[in-house]
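The structure appears below as structure tokens.
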Amino acid sequence: MTTVIKEAEFIESVADALQFISYYHPVDFIQAVNQAYEREANPAAKDAMAQILINSRMCAMGHRPICQDTGIVTVFVTVGMDVQWETTQSLTDMVNEGVRRAYNNPDNVLRASILEDPDGARKNTGDNTPAVIHYNIVPGNEVDVHVAAKGGGSEAKTKFAMLNPSDSVVDWVLDMVPKMGAGWCPPGMLGIGIGGTAEKAMLLAKEALLDPVDIQDLQARGADNRSEELRLELYDKVNRLGIGAQGLGGLTTVLDVKVKDYPTHAANKAVAIIPNCAATRHAHFTLKGEGPALQTPPSLDDWPEISWEVSDTVRRVNLDQVTADDVKSWQPGDTILLSGKMLTGRDAAHKKMVDMLAKGEELPVDLTGRFIYYVGPVDPVRDEVVGPAGPTTATRMDKFTRTMLEQTGLLGMIGKAERGPTAIEAIRDNESVYLMAVGGAAYLVAQAIKSAKVLGFPELGMEAIYEFDVKDMPVTVAVDSKGESVHQTGPQEWRAKIEEGVVTVS
Ligand code: SF4
């Protein structure tokens with residue numbers, strides 16, 4: 002029997018799903034993070050997961066984005082061959098209209114992160130379109146849709162290889178995961194696609210991330226096929242690497258590992274890894290010609306009520322008075338509560354500043370003695386000072402770090418995840434410091450921001466230079482003035498503890 006699906010109901014369903022996933026984590030994901038939080042033995046990793054869980058509950062209550070990066074929309078549409086459409090638009094145009102409406106919703110404006118002309122002008126399209134859409138045509142009279150909003154930080158850590166048929170997938174994954182660093186905001190999931198062709202393996206990896214977290218069920222019932230054997234082996238072995246939440250070292254790096262495979266050519270073994278981050282966001286709906294399919298809000302009882310305790314030993318720092326000598330006394334792993342004024346800037350602002358310095362031009366902002374926070378916030382709504390404003394991946398700024406420290410008088414940086422060797426050397430040579438905030442705790446971080454104003458490059462939108470006035474913003478010393486990095490020492494220490502049997506992964 003033919004089903005008629007109207008344009009308006011399709012668009013409304015897409016827009017509703019995207020709004021929903023911007024502020025509700027999937028319940029299975031929250032429960033998995035909570036279990037990892039409860040069994041974590043490394044206080045720093047436990048603290049990071051506490052912030053992720055508190056942030057998640059706040060977003061569920063406040064209907065504001067889990068992360069400042071509200072993602073690139075990826076949609077899997079499965080269309081029954083007996084479906085008839087009542088529309089003048091293409092299905093692609095309808096998906097994009099749903100994206101447009103969701104991201105411009107005045108009650109919960111989402112960050113537009115999509116740039117056209119990616120190797121040229123990199124101009125923001127303004128409404129987060131276009132989505133990346135995959136279609137499948139099947140027998141039947143329903144339309145089945147999976148919607149995801151994928152963070153750029155985790156997408157950037159994607160890995161692909163065309164292995165020899167005799168090569169070990171497990172060995173390759175265990176080689177790749179440490180190289181992914183912490184920019185994908187673990188704990189999260191790994192989607193692994195094996196077989197087909199190069200692009201098919203990638204697609205399988207992305208599709209695998211749509212499944213719920215259920216590794217404990219698989220552990221209980223045992224594997225039925227090769228994909229499930231790989232899931233169990235990789236879940237155990239990846240967690241035994243000791244990378245931990247936010248790369249700080251610890252017992253849980255992955256909450257689940259998903260594997261999908263497909264027949265392949267005798268000469269090939271394509272393998273792809275795509276990680277999903279602390280801002281795991283996906284929803285599913287089916288249209289049967291009975292009106293829009295709207296998401297059902299979860300119960301807040303599904304979220305643990307965790308409070309974040311500030312110990313008496315936490316260092317409080319006034320950014321308006323901090324000196325180069327103060328910075329030198331900060332130890333790797335110290336928790337610091339920042340108050341006072343900081344600047345912001347990320348990729349585009351750094352590129353502009355470094356280009357201006359090369360031409361001998363004056364910068365729009367004096368950075369002497371200041372801290373810069375790598376962030377691209379969501380626009381505020383209602384009485385907000387700023388929307389969710391968590392850190393972005395710091396390694397992207399590594400190539401600018403020496404110039405910034407040596408030519409502007411910048412004192413320190415705040416961002417997400419590890420720094421690479423060039424940035425660490427520049428920090429050590431200049432006795433600077435790098436502080437990390439928790440990626441995926443963006444709404445929580447925004448509560449610490451008491452005022453925000455644009456000081457430079459307003460044309461860059463969310464990438465402009467702002468000045469934030471913050472009160473008690475929690476950060477951790479991730480690279481100290483001597484160049485010691487907690488993202489190197491933490492995973493080493495926890496991997497050794499796991500290998501020695503001092504602690505056990507689940
Ligand atoms: S949680 Fe991390 S990787 Fe995910 S969207 Fe946010 S900043 Fe990006």
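Heads up: the sequence shown begins at 2 in our numbering, then just goes up one per residue.
Ideal Cβ positions, reconstructed from N, Cα and C, are used throughout, including at glycine.
- In the DSSP assignment, Phe458 falls outside any alpha helix (DSSP H), carrying neither H nor E.
- In this structure, DSSP gives Thr505 a state outside helix and strand, which the three-state scheme calls coil.
- Cβ neighbours of Thr404 within its own chain (closer than 7 Å, five residues either side excluded): Val355, Leu358.
- Contact between the segment 173-184 and the segment 194-213 is absent, with fewer than three C-beta pairs closer than 8 Å.
- The residues Phe77, Val78, Thr79, Val80, in chain order, have a CB closer than 8 Å to that of Asn137 in the same chain once the five nearest residues on each side in sequence are set aside.
- Counting along the chain, His351 sits inside the alpha helix (DSSP H) bounded by residues 348-359.
- For ligand 1, no non-hydrogen atom lies closer than 7 Å to the CB of Gly388.
- In this chain, the alpha helix (DSSP H) harbouring Val239 covers 227-240.
- DSSP lists no bridge partner for Thr253.
- By the CB criterion at 8 Å, Val272 and Ala162 fall inside the cutoff.
- Secondary structure at His283: strand, using DSSP grouped into helix, strand and coil.
- In this structure, ligand 1 has no non-hydrogen atom nearer than 7 Å to the beta-carbon of Lys124.
- In this structure Val315 is exposed. Its beta-carbon is surrounded by fewer than 16 other beta-carbon atoms within 10 angstroms.
- Distance from the CA of Leu211 to the CA of His285, rounded to the nearest whole angstrom, comes to 9 Å.
- The beta carbon of Pro381 sits closer than 7 Å to those of Val387, Gly388, all from its chain and outside the five residues before and after it, given in chain order.
- Taken atom to atom, the span from the alpha-carbon of Glu362 to that of Lys353 is near 11 Å.
- Per DSSP, the unbroken alpha helix (DSSP H) holding Val170 starts and ends at 170-180.
- In chain order, Asp83, Asn142 place their CB closer than 8 Å to the CB of Met2, counting only its own chain and leaving out the 5 sequence neighbours on each side.
- Annotation: the continuous alpha helix (DSSP H) that includes Val100 extends over 92-104.
- Contact between the segment 404-424 and the segment 36-44 is absent: fewer than 3 CB-CB pairs across the two stretches fall below 8 Å.
- For the pair of segments examined, the segment 423-433 was found not to touch the segment 85-93: the number of CB pairs separated by less than 8 Å stays below three.
- With a 10 Å radius around the Cβ and a threshold of 16 neighbouring Cβ atoms, Gln69 comes out buried.
- A residue is called buried when at least 16 other Cβ atoms come within 10 angstroms of its Cβ; Asp118 does not meet this threshold and is exposed.
- Judged by DSSP in its simplified three-state form, Gly416 adopts strand.
- With respect to the C-alpha of Asn431, the residue from Ala497, Met437, Gly410 having the closest C-alpha is Gly410.
- DSSP, reduced to helix, strand and coil, places Ala42 outside both helices and strands of the structure shown, so it counts as coil.
- Residue environment for Leu116: exposed (fewer than 16 other C-beta atoms within 10 angstroms of its C-beta).
- In this structure, Ile55 and Leu445 form a Cβ contact; the two beta carbons are roughly 6 Å apart against a cut-off of 8 Å.
- Apart from the 5 residues on each side of it in sequence, Val328 sits with its Cβ closer than 8 Å to the Cβ of Leu412, Gly413, Glu432, Ser433, Val434, Ser482 in its chain, given in chain order.
- Looking at the DSSP output, Phe11 sits in no beta bridge, so it has no partner there.
- Distance from the CA atom of Val311 to the CA atom of Pro392, rounded to whole angstroms, is 21 Å.
- Thr336 is positioned such that its CB atom lies no closer than 8 Å to that of Gly182.
- For Ser169, the CB stays at least 7 Å from every heavy atom of ligand 1.
- Rounded to the nearest whole angstrom, the C-alpha separation of Asp215 and Asp321 is 48 Å.
- Each of Gly484, Ala349, Met474, Glu494 was checked against the Cα of Ala122, and the nearest Cα belongs to Ala349.
- Excluding residues up to 5 positions away in sequence, Glu143, Val144, Asp145, Val146, Ala294 lie with their Cβ nearer than 8 Å to the Cβ of Thr287 in the same chain.
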